[in-house]
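S.K.: Residue numbers (my numbering): 2 to 344.
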Ligand SMILES: [Zn+2]
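#1: Let me know the beta strand (DSSP E) ranges lying completely inside the segment 70 to 158, each 3 residues or longer, listed in chain order.
#2: May I have a chain-ordered list of the alpha helix (DSSP H) segments no shorter than 4 residues that lie completely inside the segment 233 to 307?
#3: Would the beta-carbon of residue 291 fall within 8 Å of that of residue 240?
#4: Quick check: what's the CA-CA separation for residue 113 versus residue 48?
#5: When the distance is taken between beta carbons, is residue 304 closer than 8 Å to residue 275?
#6: Span of the alpha helix (DSSP H) holding residue 173?
#7: When you compare only the Cα positions, how much space is there between residue 51 and residue 78?
#8: Can you check DSSP and say which residues form a bridge with residue 50?
#9: So what does DSSP say about residue 41, is it helix, strand or coil?
#10: Could you work out which residue in 253, 227 and 244 is closest to residue 238 when comparing CA atoms only?
#11: In angstroms with no decimal places, state the Cα-to-Cα distance between residue 107 and residue 91.
#12: Below 8 Å on the Cβ atoms is my guess for residue 226 versus residue 188; work out the distance and round it to an integer in Å.
#13: Note down the Cα distance separating residue 392 from residue 293, rounded to an integer number of angstroms.
#14: Would you check if there are 3 or more beta carbon pairs closer than 8 Å linking the segment 245 to 264 to the segment 134 to 153?
#15: At what residues does the beta strand (DSSP E) containing residue 1 begin and finish?
#16: When you compare only the Cα positions, how much space is there between residue 271 and residue 140?
#17: With DSSP run on the structure shown, which of helix, strand or coil describes residue 195?
#18: Can you name the start and end residues of the alpha helix (DSSP H) that residue 217 belongs to?
#19: Using a Cβ-based criterion (distance less than 7 Å to any ligand heavy atom), does residue 246 qualify as near ligand 1?
#20: Between residue 273 and residue 263, what straight-line distance do the alpha-carbon atoms span, to the nearest angstrom?
#21: On the three-pair Cβ rule with 8 Å, is the segment 22 to 42 touching the segment 149 to 160?
#22: Counting Cβ pairs, one atom from each stretch, are 3 or more of them under 8 Å apart for the segment 325 to 335 and the segment 204 to 224?
#23: Is it the case that the Cβ atoms of residue 195 and residue 202 are separated by a distance below 8 Å?
#24: Since residue 87 and residue 136 are thought to touch, with beta carbons under 8 Å apart, how far apart are those beta carbons, to the nearest angstrom?
#25: In whole angstroms, what is the alpha-carbon distance linking residue 199 and residue 193?
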C-alpha cells in the first residue's frame, strides 16, 4: 500500500521539478535557420533570449548541408524558427536529428516565421511552372521590410507563449523594433510628424500602393525619407536577376523585374537561354543584372559583355558581409548598390 502511494506521487514530483509555465530564470535559447531570422528574434527577444543561426549567410539558403554541430546546437533549444515556404526544407533533418521534442513541428517550440505574410508567385497549377524549389510560392519574403514587421510579430507572439511572465517586455521590444524599421523605411521625420501611429498609417498606405498620392494630398511628399526616398530613382527601372530572389524587394521599391538568368528556379541557364536574355536586355534597355553572391556569375558576365549592362553581386542575408550585420544594413546595402549602378 505504502509502495503504491509512493509511485503515485512520482509524477507529481516530476511536475513540480519542471513546471509548465515557469517564470524563466535563464534565457530562452533560440535557433534559427537563417541570419535574418536570428537578427529579428534577437531584436524582439532582447536580453531574455540568445539567438543563433544555422546557415552560413553567404550560402544558398535553399541548399544547406546539416552537420552534427547543428544537431548539437538544436538539442537543447527552446525555440526553433524556420523561414518556411519550402525555402529551408533542410531544417527538417536538423530538427529530426536534434532529439529535442520541444522543437518538433506542431509544438510551441517550432515556429514558421512567414505565417500571415502575403506570398507571391503561388503556383496556380501542378505544372510546377515556377520550378521545383518554389513549390509553395516565392519564399524570399524578407527583402520587403514590411514583411519583416509581420515576421517580428509572429516571433513576439511565440515568445509570449513560451515565456508569459515577460509578455509586456516582448511587446515593448516588438513595438520598438517596428518603430526603427518604419523610421528606416519612411524617414524618422515623416513618421514623427504623423504622431503615435504614424508608422502603422504609412505601412497601410504603402501596402495599398497609395503612399505617394496620400502624401501629396497632405503636402507631405517632401518629408518622405528613408529607403523609400533613397530608392526613388529605382522606380520603373527594369532589371534582371539570376534567381527569383528580388520579387518582394522589387515590388516594394518599384523595380521592374523582367526576367531571370535561370531558366526556372533552381535550374542553371543553358547557353540558348543566355542568348535569349541578351536579346531581352538589349530590347528593354536593361542596365542592371542582380546576381546573388552564391551563384556563378558566369552567365551574368556573359550577358553584360554582350550588352553593357552592369552586374551587381548581391547578398541576401544578415551577416553575409561584416558591414551588413543588421537587417537594416542589408536593405540599405541593396538600395544603395542598385541606385549607384544606374547613377
Ligand atoms: Zn528561391
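We treat Cβ as the ideally placed atom computed from N, Cα and C, and that holds for glycine.
Since the structure is predicted, the reported quantities are computational estimates derived from the model, not experimental observations.
M.R.: Taking the structure as given:
#1: 80 to 83 and 111 to 113
#2: 248 to 254 and 272 to 285
#3: Along the chain shown, read from residue 1 onward, the residue named residue 291 stands at position 290. Along the chain shown, read from residue 1 onward, the residue named residue 240 stands at position 239. Cβ distance < 8 Å, so residue 291 and residue 240 count as in contact.
#4: Position 112 of the chain shown holds residue 113. Position 47 of the chain shown holds residue 48. Cα to Cα, residue 113 sits roughly 22 Å from residue 48.
#5: Position 274 of the chain shown holds residue 275. Position 303 of the chain shown holds residue 304. Yes, they are a contact pair.
#6: If you number the chain shown from 1, residue 173 lands on position 172. Its alpha helix (DSSP H) spans residues 168 to 187.
#7: Here residue 51 corresponds to residue number 50 of the chain shown, with the count starting at 1. Here residue 78 corresponds to residue number 77 of the chain shown, with the count starting at 1. Each residue's alpha carbon lies about 10 Å from the other.
#8: Here residue 50 refers to the residue found at position 49 when the chain shown is read from its first residue. According to DSSP, which records beta bridges pairwise, residue 50 is partnered with 29.
#9: Counting from one through the chain shown, the residue named residue 41 turns up at place 40. Helix.
#10: By one-based count along the chain shown, residue 238 stands at place 237. Of 253, 227 and 244, the residue nearest in Cα terms is 253.
#11: Position 106 of the chain shown, counted from the start, is the residue given in the question as residue 107. Position 90 of the chain shown, counted from the start, is the residue given in the question as residue 91. Cα-Cα distance, rounded: 17 Å.
#12: Here residue 226 refers to the residue found at position 225 when the chain shown is read from its first residue. Here residue 188 refers to the residue found at position 187 when the chain shown is read from its first residue. Between residue 188 and residue 226 the Cβ distance is about 2 Å, and since that is below 8 Å, they are a contact.
#13: Limits of the chain in this structure are 2 at one end and 344 at the other, which puts residue 392 out of reach.
#14: yes
#15: No information on residue 1 is available, as it lies outside the stretch 2 to 344 that the chain covers here.
#16: On the chain shown, position 270 is the one that residue 271 refers to. On the chain shown, position 139 is the one that residue 140 refers to. Cα to Cα, the separation comes out at about 24 Å.
#17: The residue labelled residue 195 in the question sits at position 194 within the chain shown. Reduced to three states, the DSSP call for residue 195 is coil.
#18: Here residue 217 corresponds to residue number 216 of the chain shown, with the count starting at 1. Its alpha helix (DSSP H) spans residues 212 to 218.
#19: In the chain shown, counting from the first residue as 1, residue 246 sits at position 245. Yes - ligand 1 has a heavy atom lying nearer than 7 Å to the Cβ of residue 246.
#20: By one-based count along the chain shown, residue 273 stands at place 272. By one-based count along the chain shown, residue 263 stands at place 262. Rounded to the nearest angstrom, the two C-alpha atoms are 11 Å apart.
#21: yes
#22: no
#23: Here residue 195 is taken as the residue at index 194 of the chain shown, counted from 1. Here residue 202 is taken as the residue at index 201 of the chain shown, counted from 1. In this structure, residue 202 lies closer than 8 Å to residue 195 by Cβ.
#24: For this step, residue 87 is matched to residue 86 along the chain shown. For this step, residue 136 is matched to residue 135 along the chain shown. The Cβ separation is near 5 Å, so the contact holds.
#25: Within the chain shown, residue 199 is the residue found at index 198, counting from 1. Within the chain shown, residue 193 is the residue found at index 192, counting from 1. So the alpha carbons of these two residues sit roughly 7 Å apart.
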